[in-house]
Amino acid sequence: MKKMFYVKNQRMFAEVTEMCKFMPRCLREKYYKILQNIFHFDLWHLMPFEERIYAVELVQTVNKIIAEKPGLRKKRVIEVGCGLGDIIAGVALPVQKKTGFDIDNRVIGGARLAHPMNKFIQGSFTDIANEDISFLIAVNFLHSIDGNTVTELLAGVTKRNSVDYIVVDQLKSPAYRYIHDWEKVMGELGYTLYKKSRRYEAARGSRWNLIYRQITR
Ligand SMILES: C[S@@+](CC[C@H](N)C(=O)[O-])C[C@H]1O[C@@H](n2cnc3c(N)ncnc32)[C@H](O)[C@@H]1O
């Protein structure tokens, strides 16, 4: 029934999504506050996308790589820890080729209304299987997960799926609990550094986006 309603009103949903994309920043901020009142997700998510420069530039970089390598357009982009989905929604691919996962059902509720045409699933790395993935994006949360668990999660997801690029962030600040040795983790998984972003400010420290590419044998 729900699906029928969606199919019948697909055009209307598409128009709403287009409106959200071009919604002036002040209106979008008000809309996100309304979503926060409904779903009670963490207030962190109200930080405007434009002020999360690491996220804005990450979207630009991923879009540039996809534009340069047409083969990647056939594959899926998956973001784990997507929050309200601003990063995954900004990836320049049809909505059928993108999925956002987040462990927090409150934020997934918000994401589905913030970006209505995009697909969002409550879940994490362990819920991803049999996908042909161009980019697996996981930024701004792995610092709360210990090194062994991160290695296990990434080893699992790369075993169950084909993953060309993995995007993570390197943090340097005492405010973050776990600082990962990505060269070691990614090297063991068979990935090599493809692109490192410029430095961003993060909790009186530093942050870099790192894009790792699978080493082809
Ligand atoms: C600080 S927000 C970052 C959102 C987004 N990645 C960004 O940078 O704009 C971190 C998000 O990661 C989610 N998260 C934390 N641990 C997770 C896990 N193990 N699997 C999936 N999502 C997780 C949280 O619920 C939260 O929405």
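This note's numbering applies: residue 163 is where the sequence shown begins, and numbers increase by one.
Heads up, the beta-carbon is just placed ideally off N, CA and C, and yes, glycines get one too.
Keep in mind the model is a prediction, meaning the values are calculated, not measured.
Asked                                                                                                                   : Found
Helix, strand or coil at Leu275 [DSSP, three-state]                                                                     : helix
Asn302 Cβ short of 6 Å to ligand 1 heavy atom set                                                                       : yes
CA-to-CA distance, Lys192 to Asp248, given in whole angstroms                                                           : 15 Å
Neighbourhood of Ile299 by C-beta distance below 6 Å, restricted to the same chain and skipping five residues each side : Glu241, Val329
Where the alpha helix (DSSP H) through Ala364 begins and ends                                                           : Counting along the chain, Ala364 falls outside any alpha helix (DSSP H), though it belongs to the beta strand (DSSP E) covering 362-364.
Endpoints, the alpha helix (DSSP H) within which Val318 is located                                                      : In the sequence as presented, Val is not what sits at residue 318; that position holds Gly. Its alpha helix (DSSP H) spans residues 309-322.
Those runs of the beta strand (DSSP E) which lie wholly inside the stretch 227-309 and span at least 3 residues         : 238-242, 260-264, 281-284, 294-299
Classification of Met185 by the beta-carbon crowding that lies within 10 angstroms, buried from 16 upward               : exposed
Reference Tyr216; option with closest CA among Ile227, Arg375, Trp370, Cys244                                           : Trp370
Same chain, Cβ closer than 7 Å to Lys357, neighbours up to 5 away in sequence not counted                               : Thr223, Ile373
Neighbour-count burial assignment, Arg238, 16 or more Cβ in a 10 Å radius                                               : buried
7 Å Cβ cutoff met for Ile295 and Gln284                                                                                 : no
Option in Ala229, Pro232, Cys244, Asp308 with minimal Cα separation from Lys260                                         : Cys244
Simplified DSSP state of Glu349, which is helix, strand or coil                                                         : First, the residue type needs correcting, since residue 349 is Gly and not Glu in the sequence shown. In this structure, Gly349 counts as helix in the three-state DSSP scheme.
Range covered by the beta strand (DSSP E) that runs through Ile373                                                      : 367-376
Pair within 7 Å by beta-carbon distance, Gly367 and Lys334                                                              : yes
Coil, strand or helix - Ile341 by DSSP                                                                                  : coil
Any non-hydrogen atom of ligand 1 within 6 Å of Ser286 CB                                                               : yes
Beta-carbon proximity list for Ser359, same chain, < 8 Å, skipping 5 on both sides                                      : Tyr216, Glu219, Leu220, Thr223, Trp370, Asn371, Leu372
Option nearest Ala365 by Cα separation, candidates Tyr338, Ile228, Asp264                                               : Tyr338
Spatial neighbours of Asn225 in its chain, beta-carbon cut-off 7 Å, leaving aside the 5 residues before and after       : Val253, Ala254
Length of the line joining the Cα atoms of Glu363 and Arg214                                                            : 10 Å
heavy atom of ligand 1 below 6 Å from Gly245 C-beta                                                                     : yes
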